[in-house]
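All letters in the sequence shown, in the order written, are residues 1 to 205 by UniProt numbering. Where is the CB? At the ideal position from N, CA and C, for every residue including glycine. Here is the structure we will look at, set down as structure tokens.
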Amino acid sequence: MATRDASATRRKLLEAGRGEFAESGIAGARIDRIAERAGVNKERVYGHFGSKEKLFQAVLDAAKAEHSASLPTPGEDIGEWVGRVYDAQRNNPTMLRLMMWESLYYGTGPAPDEEQRADHYADKIVAVARTLGIEPDSTAARTVLSLLGLAAWSQAMPQSARLLLGPDAHTERGRAEMREHVVRMARAAVRGVAPPEPDNTEATA
């Protein structure tokens, strides 16, 4: 019974933390508000997670796991993969907000669990490099970073999207049109990275 109660408390704290961190970030979040949302004493937060930063990391890990579960590995159609990333971020905006708060908090310094997270991105680098016929090197890594930015930017910066595209930017039609544009842009971008097709003019002359 005690184990079941502890698991239930942990779930409540993760859910409460997700709402608090999404609204206020790491620096602005308050342990007492998280505990109040979860309906527990704030000492339970420290008992389960140790610190506010560790609770945030657990919340972010859970959100990223949900995000990753909805996405395929990059395949032959890189543009459609970027479209799927766009869809996942649109359907799970909290994950994107949490990642932006993390970036603001840690800046260019190291974030927790960097090695594990780097391995996660390495899989994407290898998959994209294989599709494009290039080495999984820094060029492939920059390509993945650029593609992820292409998928996220209009949703990470909604005011910029509205100012550039007008009041329809965040309607269903506006988002569908943006998705189509992102997919086309991604397909065009990777054509500039992939090696050129061999010139067989002399061989066939």
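Alpha-carbon to alpha-carbon, residue j and residue i
{"i": "residue 115", "j": "residue 106", "result": "16 Å"}
{"i": "residue 151", "j": "residue 50", "result": "34 Å"}
{"i": "residue 189", "j": "residue 182", "result": "10 Å"}
{"i": "residue 44", "j": "residue 15", "result": "14 Å"}
{"i": "residue 205", "j": "residue 193", "result": "Bear in mind that a pLDDT of 46 at residue 205, under 50, signals an unreliable position, so the model cannot answer this."}
{"i": "residue 63", "j": "residue 87", "result": "15 Å"}
{"i": "residue 71", "j": "residue 40", "result": "35 Å"}
{"i": "residue 8", "j": "residue 85", "result": "31 Å"}
{"i": "residue 177", "j": "residue 149", "result": "17 Å"}
{"i": "residue 30", "j": "residue 89", "result": "26 Å"}
{"i": "residue 55", "j": "residue 195", "result": "45 Å"}
{"i": "residue 155", "j": "residue 128", "result": "23 Å"}
Chain-order list of residues whose beta-carbon lies under 7 Å from that of residue i (same chain, five-residue window excluded)
{"i": "residue 169", "result": "161, 162"}
{"i": "residue 138", "result": "none"}
{"i": "residue 125", "result": "136, 140, 141, 144"}
{"i": "residue 82", "result": "147, 150, 151, 182, 183, 186"}
{"i": "residue 112", "result": "57"}
First and last residue of the uninterrupted alpha helix (DSSP H) at residue i
{"i": "residue 176", "result": "172-191"}
{"i": "residue 161", "result": "158-165"}
Classification of residue i by the beta-carbon crowding that lies within 10 angstroms, buried from 16 upward
{"i": "residue 108", "result": "exposed"}
{"i": "residue 157", "result": "exposed"}
{"i": "residue 18", "result": "buried"}
{"i": "residue 110", "result": "exposed"}
{"i": "residue 172", "result": "exposed"}
{"i": "residue 20", "result": "buried"}
{"i": "residue 6", "result": "exposed"}
Sequence-distant residues of its chain with Cβ nearer than 8 Å to residue i (five each side left out)
{"i": "residue 146", "result": "189"}
{"i": "residue 76", "result": "131"}
{"i": "residue 10", "result": "48"}
Residue i at chain C interface by Cβ criterion, 9 Å
{"i": "residue 68", "result": "Considering every chain present, this structure includes no chain C. It has just one protein chain."}
Own chain partners of residue i with C-beta closer than 6 Å, once the 5 adjacent residues on each side are dropped
{"i": "residue 79", "result": "183, 186, 187"}
{"i": "residue 179", "result": "83, 86"}
Unbroken stretches of the alpha helix (DSSP H), 4 residues or longer, contained in the stretch 34-121: 43-49, 52-69, 78-91, 93-106
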